[in-house]
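**Q**
Number of protein chains: 2
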Amino acid sequence: MEERRERADAARNRRAILAAAEELLRRNDPDQVSIEDVAAAAGVGKGTVFHRFGSRAGLMRALMEERVLALHEAIASGPPPLGPGAPPGERLQAFLDAVVRHVAGNIGLLTAHEHALATQRHAEGRREANPVYLFWHGHVSALIAEARPALDADLLAHVLLGSLHADSVVRMLWRGEADRLAAGMRVLVSGLLGPSGGET
Amino acid sequence: MEERRERADAARNRRAILAAAEELLRRNDPDQVSIEDVAAAAGVGKGTVFHRFGSRAGLMRALMEERVLALHEAIASGPPPLGPGAPPGERLQAFLDAVVRHVAGNIGLLTAHEHALATQRHAEGRREANPVYLFWHGHVSALIAEARPALDADLLAHVLLGSLHADSVVRMLWRGEADRLAAGMRVLVSGLLGPSGGET
DNA sequence: GTACTATATGGACCCGTGGTTCAGTTGTCA
DNA sequence: TGACAACTGAACCACGGGTCCATATAGTAC
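Protein chains in written order, with our numbering: chain A, 1 to 200; chain B, 1001 to 1200.
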């Protein structure tokens, strides 16, 4: 038995921490929620949180990965157009729609994660490591490449997804204008993939 | 007049601080440069820096505004296509080219500014206040609206400019791939504005 | 040159927060 | 039930942004 099972109390505490963090983030301005707050709300010591999640950013990432599971499931094996089967252009539109909705629904968490990365002290386990972003980028990039092989799919995927993290866009999502953003992305993508999509 | 002139020693120190900050940012990872470092390099006390610039973010903003002057000048009254006179599609392409180059050339400063905003304590004088961004956004938004009145110019301008601040894109600029980014933006914009609004 | 005032200065200090430590506790397995 | 490893959590540390205020000095009036 190489992998010892997680102890029952440890598992309980982990769940408590995640739940407490979720709750606090829903209620408060995300970058005012300190780890101590989370620990207190979960009825646990600060050290425990770090022991479990490594850092503030690690905690946020754990929350994000938990929340994003359903979306990834739908992409990998759900019905088209989000899942496999539809033409790449449609899948891309569907994905961006879904991502915008997902981001809008988890904007506090996203913001908190950004903030955690920005303020973390030992700047080692830096960005790029975020598996959620990597998955999204790979998906978008592949779909663009499939629809329009001549384009720089890798770069365009970064640009499209990157804009979701921009402050001005985030502020828009806080204001509940997710539909507006989704519409804008649709226009941008149809321009890109459409018949008139310019090459250089 | 109620506006007394700045004292000579104060002006000298302000210049010294700006120069020192510029130097340190050029040489070091931007979010490792503390205000104390800047103060020490400029040969002044930490308090002086805060007197002059209010906060870390204020110092960064002052540097940014200084550096961006030439670009704004060229836009407002330089020769086309960057300056007035060219059709909006061309002006937009020229502007984005110029902005990408500008951002690439000042990526350390930009990063430091982001970091300063992210870590600042009294979260009052928050974003949106950045006059440089406002100017850029207004310009892009106006050009899009002129070229394609049916589009949501305001939003699209936020998306286009916002992507410049995305981590993945910033990393690309650190790696010196500004031309690649500029090309991608060009494709995106010509797709947006379509055959009638794109290049000629 | 002197006296006087407004302004500038800078380093000690405060504070909040991410992160670490380690002695004590508790679950697990044999 | 005993032994050991995993877990726990409160005290502690590091560090950087921001503040304070006694002191120094440019500017000015005479």
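Positions of the beta carbon are idealized from the N, C-alpha and C atoms, including for glycine.
#1: Taking 8 Å as the limit between beta carbons, can you name the residues of its chain near ALA10 of chain A, skipping five residues before and five after?
#2: Locate the alpha helix (DSSP H) running through LEU161 of chain A, then write down its first and last residues.
#3: At the 7 Å Cβ level, is GLY201 of chain A part of the contact set with chain B, yes or no?
#4: Kindly list the residues whose CB is nearer than 6 Å to the CB of ARG14 of chain A, restricted to its own chain and excluding five residues on each side of it in sequence; keep chain order.
#5: Mark ASN28 of chain A as exposed unless 16 or more other C-beta atoms lie within 10 angstroms of its C-beta, in which case mark it buried.
#6: Quick check: the segment 1093-1109 of chain B against the segment 1066-1079 of chain B, are there 3 or more CB pairs under 8 Å?
#7: Would you mind stating whether ASN1130 of chain B and ARG1067 of chain B have Cβ atoms separated by less than 7 Å?
#8: Give the secondary structure of ALA1166 of chain B by DSSP, where H, G and I count as helix, E and B as strand, and everything else as coil.
#9: Can ALA1057 of chain B and ALA1094 of chain B be called in contact, C-beta distance under 7 Å?
#10: From the DSSP output, in three-state form, read off ALA150 of chain A for me.
#11: From which residue to which residue does the alpha helix (DSSP H) around SER1055 of chain B run?
#12: What residues of chain A sit near THR1048 of chain B, judged by a beta carbon separation below 8 Å?
#13: Verify the CB distance criterion: does HIS158 of chain A have a CB-CB separation below 7 Å to chain B?
#14: Check for me: the alpha helix (DSSP H) holding GLU90 of chain A runs from which residue to which?
#15: Quick one: list the residues of chain B neighbouring ARG180 of chain A, beta-carbon separation under 9 Å, in chain order.
#16: Kindly indicate which three-state DSSP category PRO30 of chain A falls into: helix, strand or coil?
#17: Determine, for HIS139 of chain A, whether the minimum Cβ-Cβ distance to residues of chain B falls below 7 Å.
#18: Where DSSP assigns a beta bridge to PRO1084 of chain B, which residues make up the other side?
#19: Hey, quick one: how far does the alpha helix (DSSP H) through GLU177 of chain A stretch, first residue to last?
#20: For GLY1176 of chain B versus VAL159 of chain A, is the C-beta distance shorter than 7 Å?
#21: Given a threshold of 16 other Cβ atoms within 10 Å of its Cβ, counted over all protein chains shown, does ARG61 of chain A qualify as buried or as exposed?
#22: Could you check whether the Cβ of ALA1016 of chain B sits closer than 7 Å to any Cβ belonging to chain A?
#23: Closer than 9 Å between beta carbons: that is the criterion. Which residues of the segment 1162-1181 of chain B meet it against chain A?
#24: Could you say if the segment 1143-1157 of chain B and the segment 145-152 of chain A meet the contact criterion of at least three C-beta pairs nearer than 8 Å?
#25: Quick one: is MET1001 of chain B near chain A, going by C-beta distance under 7 Å?
#26: Give the range of the alpha helix (DSSP H) segment to which GLU36 of chain A is assigned.
#27: Please list, in chain order, the chain B residues whose beta carbon lies closer than 8 Å to that of LEU188 of chain A.
#28: Taking 7 Å as the cut-off, decide whether the C-beta atoms of LEU1018 of chain B and LEU1109 of chain B are in contact.
#29: Check the Cβ-Cβ distances between GLY43 of chain A and every residue of chain B, and say whether any is below 7 Å.
#30: Would you tell me roughly how many angstroms separate the C-alpha atoms of GLY171 of chain A and LEU1188 of chain B, rounded to the nearest one?
#31: Spell out whether any CB of chain B is found under 7 Å from the CB atom of GLY85 of chain A.
#32: Identify the contact partners of ALA145 of chain A in chain B, using a Cβ-Cβ distance below 7 Å as the criterion.
#33: Please return the same chain residues whose Cβ sits closer than 8 Å to the Cβ of GLU23 of chain A, not counting the five positions on each side in sequence.
#34: If you measure from the beta carbon of ALA118 of chain A to each beta carbon in chain B, is any gap under 7 Å?
**A** Looking at the atomic coordinates:
#1: Correct list, in chain order: ARG52.
#2: That run of the alpha helix (DSSP H) goes 153-162.
#3: Because chain A in this structure spans residues 1 to 200, residue 201 of chain A falls outside the shown range and cannot be described.
#4: ARG52
#5: exposed
#6: Of all C-beta pairs linking the segment 1093-1109 of chain B to the segment 1066-1079 of chain B, three or more are shorter than 8 Å, placing the two stretches in contact.
#7: no
#8: coil
#9: no
#10: In the structure shown, ALA150 of chain A sits in coil (DSSP, three-state: anything other than H, G, I, E or B).
#11: That residue, SER1055 of chain B, is in no alpha helix (DSSP H); it is neither H nor E in DSSP.
#12: The contacting residues do not exist; THR1048 of chain B stays about 25 Å from chain A at best.
#13: yes
#14: 88-105
#15: The contacting residues are ASP1152 and LEU1155.
#16: helix
#17: no
#18: B:ALA1086
#19: Premise fails: GLU177 of chain A is in no alpha helix (DSSP H) and is neither H nor E.
#20: no
#21: buried
#22: no
#23: So the list reads GLY1162, SER1163, LEU1164, HIS1165, ALA1166, ASP1167, SER1168, VAL1169, VAL1170, ARG1171, MET1172, GLU1177, ARG1180 and LEU1181, given in the order they occur along the chain.
#24: no
#25: Reliability of the predicted coordinates at MET1001 of chain B is poor, the pLDDT of 41 falling under 50, and no value is obtained from them.
#26: That run of the alpha helix (DSSP H) goes 35-42.
#27: LEU1156, VAL1159, LEU1188, GLY1191 and LEU1192
#28: The answer is no: Cβ separation not under 7 Å.
#29: no
#30: Going by the sequence as given, residue 171 of chain A is Arg instead of Gly. Computed Cα separation, rounded: 23 Å.
#31: no
#32: Here the premise fails: no neighbours, minimum Cβ distance about 14 Å.
#33: ALA41
#34: yes
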